[in-house]
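Structure first, then comments.
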Amino acid sequence: MDLHDKENLPAEILPVVIVGNGPSGIILSYLLSGYTPYLSAEAWHPNPLLHSKLGEQPHLSLLEQDLEYLCEGLEGRSSNPVAVLFDSLLLPDSDFGLDHTSPLEWRFEPERAVPHLVLGKGPPGGAWHAMEGSMLTLSLADWMELPGLKLKDWMRDKRRNVRNDRATPAEIASYYQHYVSQMSLEQNFACWTTVTSVTRQPGSKEGSPPCWRVTGLQRREGEVLGDGSAVPEEEPFSVLARNVVLATGTHDIPARLGVDGESLPFVCHSFWELEAAISRGELDPLSEPVLVVGAGLTAADAVLAAHHLNTPVYHAFRRSVTDPGLIFNQLPKLLYPEYHKVHQMMIQQQHQPGSGPSSAPPPPSSSSSPPSNPSSYPGYLSFPRHRVVAFQPNRKCVLESDSGERTAVQVSKALVLIGAHPNLSFLEDNGRSLGISPDEPITCRRNPIDVDPFTGRVEAAGGPDGPDGPGLYAMGPLVGENFVRFLKGGALAIASDLSKRRRDGWLDRRWTEILDS
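Here this note's numbering runs 1082 ahead of the position in the sequence shown, where the first position is 1.
As structure tokens, this is what we get:
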């Protein structure tokens, strides 16, 4: 959608604006477009308590039911009860490797549609379009799919053979983009937009209700040059919304250590910088070791990429290798053999403390000759429970253990891969007041946005207008849900709340007339 086309953009207050066009924004758009989940007449669910509850009011859609009641007694891998509920209904017992049919059937009911606008910096799919294209996703294909379009079936149409149940990020990005087209959601999406401000607007004396003003820039092709290319232009836009949904994800700003020397040119903060160095031929078996800082999956991907080149690797991280919070301790070994390999390396080849505070280990050997211990991995050394103290211009990095012992290591590059923060610069004080700890920056793990799990409403955004004022919602990684399979529950909670508020009369009369016409 071109926001500069006056015919596309209504002058009235839009019921909903969604900031972010990744899978969070896409699934919410699907639900707001009239696609409604009901209990199938032949439904059966392996959880007898949930099956019994679902059968109490089968004539009601899931959006109209009491989600809190349905969630009682359910357990799953998410701390969000609605996420566990919706995941259990879409993929019953999938954690046990079972392939039960979902008890839900989807009906298209256009009379339930809520006019909305989805804003995103790129094409539908969000950050998936920027992810590395060859690595396999962490989640199984079924867990990545959205209702109404089976990902495995779509993948079979795109490639000759599906060798396993995991896809590449490039395939997932393409799937999400195709999904928006397949489900006829394009008219709700305004891509290539950057939101610069979301501010609360008071009601007017003429009776218009309080709302949000969303402003920003949309990129589009401008003047055509003599060679046929077009100069991109950014045009400002401004829309009013009764409700705003924050669905931006958390991949915008790489997290930093905040130590001396972190801005030196050999210190990188993204996997892409490692890829660029590899493509330029800067890393090989004779290179000084690469230092990877972090114990998440991106850090593991960096270890694997360097290891594939036989480039030696130092790997430093704050946690113990046995820490149950370490992601590798939560992944089934058979499903994720490459990450299990990294975890083995972390455990088996740890740095042994030296005799002095400044002792440095020799560079790990990347010799191609077979190791004496068949279970070892040449060219790798881990530093559990260590932190980086400083990076030095001579490409030395100073590490410090929990006990205070310091070790200096010589490296060719340092990759700081400790997560990322969302860019909420369009909110006052970067949205800090919305977090569980209002004095801290918003982060996915340590300080997500505080929402009511059964409505998705931001707890701190009540405002002077009370419950009838403009609504602010958040979902996805912003509220701590990193996996696609669980962020769908946030969309269900928000769509359910908007549906209930609509029945209570929150939609402007003008929009009600449009929907009923």
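Note that CB positions come from ideal geometry on N, CA and C, so glycine has one too.
Item                                                                                                                                                                                 : Value
Does Thr1404 come out as helix, strand or coil in the three-state DSSP assignment?                                                                                                   : coil
Go ahead and label Ala1358 buried or exposed: buried means 16 or more other beta carbons lie within 10 angstroms of its beta carbon, across all protein chains shown.                : exposed
Exposed or buried, what is Pro1097 when buried is set at 16 or more other beta-carbons lying within 10 Å of its beta-carbon?                                                         : buried
To which residues of the same chain is Ile1409 closer than 7 Å at the C-beta, ignoring the five residues directly before and after it?                                               : Gly1378 and Leu1379
Quick one: residues in its chain with C-beta nearer than 7 Å to the C-beta of Val1321, no 5 flanking neighbours on either side, listed in chain order?                               : Leu1091, Leu1096, Val1099, Leu1199 and Val1296
What is the DSSP secondary structure of Gly1513, reduced to helix, strand or coil?                                                                                                   : helix
Ignoring anything shorter than 3 residues or poking outside the stretch 1546–1572, list the beta strand (DSSP E) runs there in chain order.                                          : 1553–1556
Under a three-way DSSP split, which group does Thr1183 fall into?                                                                                                                    : coil
Hey, Pro1206 and Cys1273 are a contact pair by Cβ (cut 8 Å); roughly how many whole angstroms apart?                                                                                 : 7 Å
Determine whether the beta carbon atoms of Gly1517 and Ala1329 lie at a separation below 7 Å.                                                                                        : no
For Thr1278, collect the residues of the same chain with a Cβ closer than 7 Å to its Cβ; drop the 5 residues on either side in sequence, then sort them by chain order.              : Thr1297, Gly1298, Leu1299 and Phe1508
Can you list, in chain order, the residues of its chain with a C-beta nearer than 8 Å to that of Pro1523? Leave out the 5 residues immediately preceding and following it.           : His1503, Asn1512, Arg1514, Gly1517 and Asn1529
Per the DSSP calculation, Cys1479 is bridged to which residue(s)?                                                                                                                    : Phe1473 and Val1491
In whole angstroms, give me the CA-to-CA distance for Met1226 and Ala1252.                                                                                                           : 13 Å
Look up Leu1149 in the DSSP assignment and say whether it is helix, strand or coil.                                                                                                  : helix
Kindly list the residues whose CB is nearer than 7 Å to the CB of Gln1139, restricted to its own chain and excluding five residues on each side of it in sequence; keep chain order. : Gln1147
Given a cut-off of 7 Å, decide if Phe1168 and Gly1571 are closer than it, judged by their beta-carbon atoms.                                                                         : yes
Is Pro1439 helix, strand or coil when you go by DSSP?                                                                                                                                : Any reading at Pro1439 must be qualified, since the residue scores a pLDDT of 44, below 50, and its modelled position is unreliable; the value itself is stated next. Three-state DSSP puts Pro1439 in coil, outside helix and strand.
Taking only the alpha-carbon atoms, compute the straight-line gap between Val1341 and Gln1430 and give it to the nearest angstrom.                                                   : 29 Å
Can you name the start and end residues of the beta strand (DSSP E) that Ile1100 belongs to?                                                                                         : Leu1096 to Val1101
Given this structure, state the Cα-to-Cα distance separating Arg1401 from Leu1145, to the nearest angstrom.                                                                          : 41 Å
For Ala1323, which residues in the same chain have their Cβ closer than 7 Å to its Cβ, ignoring the five residues on either side in sequence?                                        : Ile1095, Leu1096, Val1098, Val1099, Cys1293, Trp1294 and Val1296
Counting C-beta neighbours from all protein chains within 10 Å, is the total for Ser1256 16 or more, i.e. buried, or is it exposed?                                                  : buried
When you compare the stretch 1559–1575 with the stretch 1109–1123, are there three or more beta-carbon pairs, one atom per stretch, that lie closer than 8 Å?                        : yes
Which residue spans inside the stretch 1362–1423 form an unbroken beta strand (DSSP E) run of at least 3?                                                                            : 1372–1375 and 1395–1398
Determine the closest residue to Trp1188 out of Cys1526, Glu1510, Thr1118 and Lys1495, with distance taken between C-alpha atoms.                                                    : Thr1118
Taking C-beta to C-beta, are His1030 and Pro1367 nearer than 7 Å?                                                                                                                    : Since the displayed the chain opens at 1083 and closes at 1599, residue 1030 lies outside it and no answer follows.
For Glu1370, collect the residues of the same chain with a Cβ closer than 8 Å to its Cβ; drop the 5 residues on either side in sequence, then sort them by chain order.              : Pro1394, Pro1445, Arg1477, Gln1492, Val1493 and Ser1494
Cα-Cα, which of Gln1269, Leu1499 and Gln1412 is closest to Val1196?                                                                                                                  : Gln1269
CA-CA distance, Pro1185 and Gly1204?                                                                                                                                                 : 35 Å
For Arg1488 and Tyr1459, I'd like the C-alpha separation in whole angstroms.                                                                                                         : 25 Å
Within its chain, find whatever has a CB closer than 8 Å to the CB of Gly1343; leave out the 5 residues flanking it on each side and keep chain order.                               : Val1349, Ala1472, Phe1473, Gln1474 and Pro1475
Quick check: the stretch 1123–1137 against the stretch 1147–1162, are there 3 or more CB pairs under 8 Å?                                                                            : yes
Taking just the CA atoms, how far does Val1374 sit from Ile1360?                                                                                                                     : 15 Å
Please state whether the Cβ-Cβ distance between Tyr1120 and Val1327 is less than 7 Å.                                                                                                : no
What did DSSP end up calling His1141 once you bin it into helix, strand or coil?                                                                                                     : coil
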